[in-house]
């Protein structure tokens, strides 16, 4: 299926997987709406996409804010039209051991990784019901399948995203012809680990020093694959790990 002139919202687009995905989809002819909290990074990405001949709309926004989501969808409608695809990518991973009680970080993960995803879904469902089409891509993680030390809360949020994805598919697929895909990456070379403040976890992360990580572009490729399948084919889950990752 061609992505030409498809209207696609990508959250967390200021770096990493979101940035790579926006570039990939814009190069395929999509109208990409890039959103994140870092305005300067968004504008740089917009300029880069447009320099390469793509179409992009940059909107500063926080996925935890319903008002921001309202603005994102309204601006999408005004500039491009109905939302065809949502890539729910924004997320946080401040891993910590439960006994260290970093409860503020737990709250932030729940707000961004779960509530932020729910806000995005709620914002685009009306368009997909009306058009009886559409595709929701939720970025979960291998942590949505396996529990790891220091990842109790993070894993819980990614299990939730995976469960939510299947629930939406069951409800929206048969009734409104809407596709839903859960993308579940292993270790990826992004800024995600920069949010870790627990010194015990920083020591633990040294185990990944010999790992050849995935690149953000690898995940963008998997998203592109899911989006370009024939109308009758819905890719529900993609689990992608570095070849030498054992977890």
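In UniProt numbering, the protein residues as written are 1 to 247. For each residue, glycine too, the CB sits at the ideal point set by N, CA and C. From a predicted model like this one, the values you see are computed outputs, not experimental measurements.
Rounded to whole angstroms, the gap between the alpha carbons of residue 191 and residue 15 is 8 Å.
Comparing C-alpha distances from residue 117 to each of 137, 99, 106, 132 shows the shortest one belongs to 137.
For residue 111, the closest alpha carbon among the candidates 156, 124, 49, 87 is that of 156. Between the region 55–74 and the region 222–231, the count of C-beta pairs closer than 8 Å stays below three; the two stretches do not touch.
When Cβ pairs closer than 8 Å are counted between the two stretches, the region 113–132 is seen to touch the region 87–97, the count reaching three or more. Between residue 183 and residue 139, the C-beta spacing is below 7 Å.
For residue 31, DSSP records a beta bridge to 7, 55. Within its own chain, the residues whose Cβ lies closer than 8 Å to the Cβ of residue 64, once the five positions on either side in sequence are excluded, are 111, 112, 115, 116, 119, listed in chain order. Secondary structure at residue 23: helix, using DSSP grouped into helix, strand and coil. Taking the CA atoms as reference points, residue 98 sits about 45 Å from residue 131. In this chain, the beta strand (DSSP E) harbouring residue 179 covers 179–185. Rounded to the nearest whole angstrom, the CA to CA distance from residue 141 to residue 24 is 20 Å. Positions of the alpha helix (DSSP H) runs, each at least 4 residues long and wholly inside the region 184–239, are given as 199–204, 216–227 in order along the chain.
Pairing residue 102 with residue 194, the inter-Cα distance amounts to about 16 Å.
Comparing alpha carbon positions, the residue from 80, 185, 127 closest to residue 243 is 185. Non-local beta-carbon contacts of residue 166 in its own chain, meaning distances under 8 Å to residues more than five positions away in sequence, involve 180, 182, 236 in chain order.
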